[in-house]
Amino acid sequence: MNPTENNPKKIVTRFAPSPTGFMHVGGVRTALYAWAFARKNAGTFILRIEDTDKEREVEGSIEQIMKSLQWLSIGWDEGPDIGGPNAPYLQSQRLETYKKYAQMLADKGLAYADPYTPEELEAFRKEAEENKKPFLYRNHRPENPPVWDGNQPLRLKIQDAKVSKWHDEVRGDLEAGPEALDDFILMKSDGYPTYNFAHIIDDLYMGVTHIFRADEFISSTPKFLALYEALEIDPPKFVTLPPIMGPDGKKKLGKRDGAKDILTYKDEGFLPDAMVNFLAFIGWNPGDDREVFTPAEFIQAFDIEGIQKAGGKLNEEKLVWFNKEHMKKLSDSTFRAGAESLLPAEFKNDPAYARKMSGILPILRERVSVFKEITEMVSSGDLHYFFMAPEYNSELLLCAPKMRKGREDATVADLKPILEKVISLIEASSLTDTSTPEECRSVLWDYADSEGRGIVLWAVRAALTGKERSPDPFAMCSILGPKETAERLRKAVEKIG
RNA sequence: GGCCCUAUCGUCUAACGGUUAGGACACGGCCUUUUCAAGGCUGUAAUCGGAGUUCGAUUCUCCGUAGGGUCACCA
């Protein structure tokens, strides 16, 4: 565990969430960029769990975080489940290391024990607030702090409260006034390190070269810098990502403001590749007009230069569009498997189920942007007509007047001979169960043309589907086959009476 | 309140001093057409405001304004 053993040239990034619940879009995006950057540069991507706050820890979070990442195929090279050269990857198991460094800083006089009670601290804070001044602990720094025994908080002693300057790979040169610097806590009185301390020690040990982080960390960077200085180490590169705002654009996306668990998108049937593509584009773009990327293409195109500074809103409509684009890339068998898993069992009772599905699938591919929509179609009855004779009112058989062209006075009763003629055409034809929509079309076309396409074709379609909106009659005829088609038309004739 | 970040169509963005300010989503129209869907074509729509610098500012500087972040023994 000697930090100097790490090869300084190899790119190492990490994603270091705290196990406080599910992951939302913001966290996953951070992970995605860090991962993509490591992959692009043949580097290492580490998953590290920052579980130093026992209070806020939520049972099962770690599993959920890993599951979320796995769904999107964001794979880590080192992590709590698979170990690695710098194990363990759970901060709660690295306490000795933090203690060692804490003691070293205390011994050097660079850190000191905080003797105040929480109440005393609160009083200082209140006082500062009343005077409309920022609260700075260093203004209350004890003159003769007790020897640190691990039971008090240990604070870093800011040697020189100066203007901090640093470089950010995305934001450029940044600086902050001395107010940003204060004696912050390294070790808590419960023996756990703070995030501010632990992540720096770990990044050092794990050889992290680039810290991908959300922009709320900009304001604490001066503190990190002071610690790097006290530790006499060079800071890694900071890659600060723009914030993601909620759909209302009012606030940074966060769990308390109703951000969704990333896995709910999975449940809704979004494709992982689409999600990755969508996430990639919140705050990054390749600099040209390309938008649809596979994960591999994204890694290839990704670079820090393309990362935005300004925040962006979460736009789920665009996610749906991305999903549609990625659905198009799905193989027929993958699409079929996804679609079939959402169909009710009763559809499979149809002896012609398998044959029908091959006709239905292209129709579904044309209409569905997200798999979830198939479930919606099922519940609104937009799929039942493929397998079961529809229920409908005979009025539906007559198309709207504007489609009647010259037969505006037509009534439902006038449809009876028309449908009978269609039935006879079908029965006299050579159509079979495997006839294509085009073949069905050729059987009906001339007659429909002579009688008025609107009036004939609407009636046939309505008789076959029982819906105002549905696939065209030729596709339906092809899927149902001539026998079932004729049966449904006969039912329509009976309905007219 | 202090400190900090950000600012191009409704939304995501391109432009790295000189463009009729481009693309995508969404929205509208047209075409195709038996409905819907899909597809093709197409339209509306933006440089936050004010000073500078410059022959010339979306682009550089400053000042406003607005939005966001942060000021924990949370990360």
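When we follow the numbering used here, the leftmost residue of the first sequence carries the number 106, and every step to the right adds one.
Where is the CB? At the ideal position from N, CA and C, for every residue including glycine.
This one's a predicted model, so the numbers in the text were calculated from it and none came from an experiment.
Item                                                                                                                                                                     : Value
How many Å lie between Leu501 and Phe492 at the Cα?                                                                                                                      : 20 Å
Would the segment 183 to 191 and the segment 322 to 329 be scored as touching if the rule is three or more Cβ pairs under 8 Å?                                           : no
Rounding to the nearest angstrom, what Cα-Cα distance links Gly602 and Leu448 in this structure?                                                                         : 34 Å
Nearest by alpha-carbon distance to Met350: which of Gly359, Phe343, Lys342, Val344 is it?                                                                               : Gly359
Along the beta strand (DSSP E) that carries Asp278, what are the first and last residues, could you check?                                                               : 277 to 281
Tell me the rounded alpha-carbon separation between Glu248 and Gly282.                                                                                                   : 25 Å
Please report the residue range of the beta strand (DSSP E) in which Ser269 lies.                                                                                        : 269 to 273
For Ser540, count neighbouring C-beta atoms within 10 Å of its own C-beta (all shown protein chains included) and say buried if the count is 16 or more, exposed if not. : buried
Less than 8 Å between the CB atoms is what I'm expecting for Leu419 and Gly388, so what's the real figure, rounded?                                                      : Contact flag wrong, Cβ pair sits at about 11 Å.
Among the candidates Leu215, Arg119, Val252, whose CA atom is the shortest distance from the CA of Tyr194?                                                               : Arg119
Would you mind sorting Asp394 into buried or exposed? The rule is 16 or more other CB atoms within 10 Å of its CB.                                                       : exposed
Closer than 7 Å by C-beta to Asp288: which residues in its own chain qualify, once you throw out the five before and the five after it? Chain order, please.             : Tyr242, Arg243, Arg246, Arg260, Leu261, Lys262, Ile263
Could you compute how far the alpha carbon of Phe329 sits from the alpha carbon of Leu336?                                                                               : 10 Å
Under 8 Å by Cβ, that's how I've got Pro587 and Ile531 pegged, so tell me the actual separation to the nearest angstrom.                                                 : 5 Å
Just reading off the alpha helix (DSSP H) that Ile601 is part of, what are its end residues?                                                                             : 578 to 601
Which residues bound the alpha helix (DSSP H) around Leu200?                                                                                                             : 200 to 212
Assuming Ala364 contacts Met292 under a Cβ cut-off of 8 Å, what Cβ separation, rounded to an integer in Å, is found between them?                                        : With a Cβ gap of about 31 Å, Ala364 and Met292 do not count as contacting.
Answer yes or no: do Leu562 and Ala568 have a C-beta to C-beta separation smaller than 8 Å?                                                                              : no
Quick check: Ile468 and Arg144, are their CB atoms within less than 8 Å of each other?                                                                                   : no
If we count the other Cβ atoms within 10 Å of its Cβ and call it buried at 16 or more, is Pro576 buried or exposed?                                                      : buried
What number of angstroms, rounded off, separates the C-alpha of Lys572 from the C-alpha of Met380?                                                                       : 34 Å
Which partner residues does Ala319 have in the DSSP bridge list?                                                                                                         : Leu346
On the DSSP letters alone, give me the boundaries of the beta strand (DSSP E) that Ala218 sits inside.                                                                   : 216 to 218
Do you know offhand how far Ser529's Cα is from Asp437's?                                                                                                                : 36 Å
Counting pairs of beta carbons, one from the segment 313 to 322 and one from the segment 128 to 135, are three or more of them closer than 8 Å?                          : yes
By alpha-carbon positions, which one of Ser123, Arg199, Cys582, Ala218 ends up nearest to Glu160?                                                                        : Ser123
Report all residues from its chain with a CB closer than 7 Å to the CB of His272; omit the five preceding and five following residues, and keep chain order.             : Asp278
In angstroms with no decimal places, state the Cα-to-Cα distance between Glu471 and Glu280.                                                                              : 53 Å
DSSP has Ile412 in a bridge; who is on the other side?                                                                                                                   : Trp389
Spatial neighbours of Gly559 within its chain, please: CB distance less than 7 Å, with the 5 preceding and 5 following residues excluded, ordered by chain position.     : Cys504, Met508, Arg509, Lys510
Return the CA-CA distance between Thr516 and Thr369, expressed in angstroms with no decimal places.                                                                      : 50 Å
Can you find the residues in the same chain that come closer than 7 Å, C-beta to C-beta, to Ala331, ignoring five residues on each side of it along the sequence?        : Leu261, Ile263, Leu286
Thinking C-beta only, is Val275 closer than 8 Å to Ile116?                                                                                                               : no
Applying the 10 Å Cβ sphere with the 16-neighbour rule, what's the burial state of Pro456?                                                                               : exposed
Where does Gly417 sit, in a helix, a strand or coil, going by DSSP?                                                                                                      : strand
Starting from Arg260, trace the beta strand (DSSP E) both ways and give me its first and last residue.                                                                   : 259 to 261
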